[in-house]
């Protein structure tokens, strides 16, 4: 059957179904890697806390190391002071040579094997971040920085290696920010959010994304911040993408240029909005909710950052986060600064139970093209857990509710597939009976992966799992109830 042809209209684009493969995949790897990975420096902390406690210069001192070029523009920042001590007066562009030198150590096939063994089903690489550096030998030349790209085809080599492992391949592109076109320093969240270049930049970005689509046919087209062109041009881009990749998926960070957005580019208007946002953040105890991208006319999936939804979502979504508090490599992060495997797996289970995926970021070093050991160890642990329990994740859908709680108040998360209900148990249970409050389920219960039987008992409104043996000190074991009646 011929693929459906999509027209550049909202009605036609919104008829594009979220690909089954994306809904089945659940786990992806994000890669932030570029010239900023050479210095690999940012202050420690959490982005949300930086916004709350240091809003007036938040985008200069936040913990995302990929913001290095912007942060080094203010001599009072820790980044500028580090740069002066380490590199003197070298401009940011000097990191291209060092990054290129580090590529001699890069083995894309080794990375792809690591991601596959971690249980990931897709990989998304940053092709161009806010610094404007392109990780492919683009033919769309930058009029401000003509040689600001990698002569080695990093995007293409990784795409080939990833697909050879049987994984899907996606491309991130920073459409909303490019510091080669707009070099003014961004201090506040509003500065940052409304710093999209105009002039010849919208045509440049459109041409580059079309080049990426044509050359690499990405399974995911993952834009960041917003889109510099207008609605009609954006819809034409989406229609072209679906023509080339019918089962592709686009994220939700494509808010197109509008007259209101242009108004926000005026300094007095931004200052007024900054004051309002600053007050809102101070009052908002759930600060992470402010980081969710706004709604747009067309998307295949949403991308909350370092945060989760509270309930099962009808639409597909993907939580994105780093293993630490930065996406790009930050040499200041030590073992204690990275999230534990247990915390990351809890985020993953929570997302999957609510119809989401997890896009977990790695930030390789720039000087030697290696992924830090602290990050590799978490990926290895993911792989071990998914080898045992992947049945409860891959190809599942959310149940009627995301979770219940044990009598000690810990969350038991649910997924569902066919006639099977999966229960992801909290912590490291030792085999003692577990009481789950307010859960009704009947059927044959067993423990993954060996299907050792488990007895189900009822006590009023509660369900009690009774194990026949001690458990193996495994974090978040999974129980499956088959041929069940449940509510």
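Numbering (full-length UniProt numbering), first residue to last: 1 to 487.
C-beta atoms are modelled at their ideal positions from N, C-alpha and C, and glycine is treated no differently.
The closest CA to that of residue 481, considering only 418, 462, 435 and 437, is found on 418. Taken in chain order, the complete alpha helix (DSSP H) segments of 4 or more residues contained in the region 88-174 are 95-102, 108-117 and 154-164.
One alpha carbon belongs to residue 132, the other to residue 147, and they sit about 11 Å apart. The alpha-carbon separation between residue 269 and residue 190 amounts to approximately 10 Å. Look at residue 343 here: in three-state DSSP terms it is helix.
By the Cβ test, the region 379-392 is in contact with the region 340-360, since at least three Cβ pairs between them sit closer than 8 Å. Distance from the CA atom of residue 236 to the CA atom of residue 206, rounded to whole angstroms, is 10 Å.
The shortest CA-to-CA distance from residue 279 to any of 56, 69, 323 and 116 is the one to 56. Taking 8 Å as the cut-off, the beta carbon of residue 219 is found closer than this to the beta carbon of residue 170.
Taking C-alpha positions only, residue 464 is separated from residue 455 by approximately 8 Å.
Excluding five sequence positions before and after residue 21, the CB atoms of its chain that fall closer than 7 Å to its own CB belong to 168 and 247, given in chain order. Counting C-beta atoms within 10 angstroms of its own C-beta, residue 438 has fewer than 16 neighbours from the protein chains shown and is therefore classed as exposed. The region 388-398 and the region 122-136 do not touch, with fewer than three beta-carbon pairs separated by less than 8 Å. When beta bridges are read from the DSSP output, residue 445 appears opposite 454 and 481.
Beta bridge pairing from DSSP links residue 319 with 358. Between residue 300 and residue 250, the gap from beta carbon to beta carbon is short of 8 Å. For residue 466 against residue 426, the beta-carbon gap comes to about 17 Å, at or over 8 Å, which does not count as contact. In the three-state reduction of the DSSP assignment, residue 469 falls in the coil class.
Annotation: the continuous beta strand (DSSP E) that includes residue 414 extends over 411-417.
Relative to residue 277, the option among 54, 446, 197 and 138 whose CA is nearest is 54. For residue 144 and residue 153, the gap between their C-alpha atoms comes out near 21 Å.
Beta-bridge partners assigned by DSSP to residue 29: 123 and 360. In this structure, residue 328 sits near residue 40, with a CB-CB distance shorter than 8 Å. Out of 172, 137 and 149, the CA that lies nearest to the CA of residue 31 is found in 172. Note on the region 4-77: whole beta strand (DSSP E) runs with a minimum of 3 residues are 27-31, in chain order.
Uninterrupted beta strand (DSSP E) stretches at least 3 residues long and entirely within the region 197-228 occur at 220-224, given in chain order.
DSSP, reduced to helix, strand and coil, places residue 231 within a helical segment of the structure shown. The bridge partners DSSP lists for residue 422 are 415 and 480.
Inclusion of residue 58 and residue 112 in the CB contact set at 8 Å is not warranted, their separation being larger than that value.
Secondary structure at residue 249: strand, using DSSP grouped into helix, strand and coil. Per DSSP, reduced to three states, the secondary structure at residue 463 is strand.
DSSP places residue 365 in the coil class of the three-state scheme, outside both helix and strand. Shown here for residue 157: same chain residues with a beta carbon closer than 8 Å to its own, the five before and five after excluded, namely 108 in chain order. For residue 374, the uninterrupted alpha helix (DSSP H) run begins and ends at 373-389, by DSSP. Between residue 423 and residue 474, the gap from beta carbon to beta carbon reaches 8 Å or more. Residue 183 and residue 226 have their alpha carbons spaced roughly 18 Å apart.
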